[in-house]
Amino acid sequence: MVAFEKEIQMQIEFMKNFIPQRTIPRSKQNQIIFCGTGDSLASVKIAEAFSNSRIQAFDPLELLANKKLLAKKSLYLVSISGNTISNIRIAKKHNATAITANQNSRLAKQCSKIIRLDFENMGIQTAGSISFLASMLTCVSLVSQVSLKSASKMFYHAEKIAKRTQINGKVFVLGDYWSYPVAMYCAAKLYETLGLDAYYERMEEFSHMGLFSAKKGDTVIIFEQRNQHNQKLVSSLKKYGLRPVRIDPPSSDKLNQVLFFVFVSQFLALYQAKKKHKKECFFVEQKKLRDTSSSMIY
Numbered sequence: 021m022v023a024f025e026k027e028i029q030m031q032i033e034f035m036k037n038f039i040p041q042r043t044i045p046r047s048k049q050n051q052i053i054f055c056g057t058g059d060s061l062a063s064v065k066i067a068e069a070f071s072n073s074r075i076q077a078f079d080p081l082e083l084l085a086n087k088k089l090l091a092k093k094s095l096y097l098v099s100i101s102g103n104t105i106s107n108i109r110i111a112k113k114h115n116a117t118a119i120t121a122n123q124n125s126r127l128a129k130q131c132s133k134i135i136r137l138d139f140e141n142m143g144i145q146t147a148g149s150i151s152f153l154a155s156m157l158t159c160v161s162l163v164s165q166v167s168l169k170s171a172s173k174m175f176y177h178a179e180k181i182a183k184r185t186q187i188n189g190k191v192f193v194l195g196d197y198w199s200y201p202v203a204m205y206c207a208a209k210l211y212e213t214l215g216l217d218a219y220y221e222r223m224e225e226f227s228h229m230g231l232f233s234a235k236k237g238d239t240v241i242i243f244e245q246r247n248q249h250n251q252k253l254v255s256s257l258k259k260y261g262l263r264p265v266r267i268d269p270p271s272s273d274k275l276n277q278v279l280f281f282v283f284v285s286q287f288l289a290l291y292q293a294k295k296k297h298k299k300e301c302f303f304v305e306q307k308k309l310r311d312t313s314s315s316m317i318y
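Using the working numbering, read the sequence shown as starting at 21 and increasing by one per residue.
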């Protein structure tokens, strides 16, 4: 857990030195497909939102099963390790650009171009934080202008919010067009650090679906600025006995909002783990589960 906390803090320096990619012209973005798995899928889904859906984002099995999706498209494959087997399978069949931290990886060797993710980490296995931020900002910068002038403010405000946020029971994380991929990322951090029973869902779909699996005392985290719809949802959930927590971003800028929600996700996982006196992330402790995961991924 020490490594996870240190890598979260290392993001401040990373953002000061981050160099955006040259933005792909809007007229060409509808010819682009981004692909990733796990945290990288959340990264490319965020980039999809910042392109206003001009680019499309998929996971690799979707592309392998539907080859027509790649017709006349430029493909960007996002993988921190560069060793995800499904991405490598696509790279063998389709000319692609690798976005990876490992320029000597199997994926990089299969791709015609490489965008290297340049960041420092602790060098040991822990839940992804700075690696996710690096891939997310790189992908977003390919489709939109990136300004990080207020990023440190978002970071420290997120830490304050996460410290005082209580989580009980099953956790539902809800997001809108911009924040739904961050809800996915948030749930992933709660899985990885705590093995928590957590779910991510679109704001509207929760009322149609996930709500019916909720029990009194469960937590519903809402990643969205206050509006009439989510205020009504908060009121209704309280009446049923659920614990809604609306996380209100301190900025109207969409990138600042997404950064804020990302940092809240990381700090929520960290401080909940500290409250439980955990020394290691859940997935690190669970060797058999980790071996099962690795057998499918690599």
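Every residue, glycine too, gets a C-beta built ideally from N, C-alpha and C.
Practice task
Could you tell me if Ser313 is buried or exposed, where buried requires 16 or more neighbouring beta carbons within 10 angstroms of its beta carbon?
Solution key: Exposed.
Problem - Bridge-paired residues (DSSP) for Lys133 - result: Paired residue(s): Thr117.
Practice task
Identify which residue in Asn141, Ala62, Lys36 and Asn115 has its Cα closest to the Cα of Val202.
Solution key: Among Asn141, Ala62, Lys36 and Asn115, the Cα nearest to that of Val202 belongs to Ala62.
Exercise for the section: Determine, using beta-carbon pairs with one atom in the region 84-96 and one in the region 139-153, whether at least three such pairs fall under 8 Å. Expected result: no
Exercise for the section: Look at the alpha carbon of Phe303 and the alpha carbon of Ser47, and state the distance between them as a whole number of angstroms. Expected result: 42 Å
Handout entry: Simplified DSSP state of Cys301, which is helix, strand or coil
Key = In this structure, Cys301 counts as coil in the three-state DSSP scheme.
Practice task
Quick one: measure Cβ to Cβ for Gln41 and Arg74, integer angstroms, because I've assumed they're closer than 8 Å.
Solution key: In fact, because the Cβ distance is near 16 Å, the residues do not count as touching under 8 Å.
Practice task
Go through its chain and collect everything with a Cβ distance to Ser101's Cβ below 7 Å, but skip five positions before and after it.
Solution key: Asn122 and Ser125
Handout entry: Own chain partners of Ala128 with C-beta closer than 8 Å, once the 5 adjacent residues on each side are dropped
Key = Gly102, Ala118, Thr120, Asn122 and Ile134
Handout entry: Any 3 or more C-beta pairs closer than 8 Å across the region 275-282 and the region 158-174
Key = Contact annotation: the region 275-282 touches the region 158-174, with at least three C-beta pairs closer than 8 Å.
Problem - Residue burial classification, Asp196 (beta-carbon count within 10 angstroms, cutoff 16) - result: buried
Problem - Bounding residues of the alpha helix (DSSP H) (the contiguous stretch that carries Glu313) - result: It is Ser, not Glu, that sits at residue 313 in the sequence shown. Element bounds for Ser313: Lys307 to Ile317.
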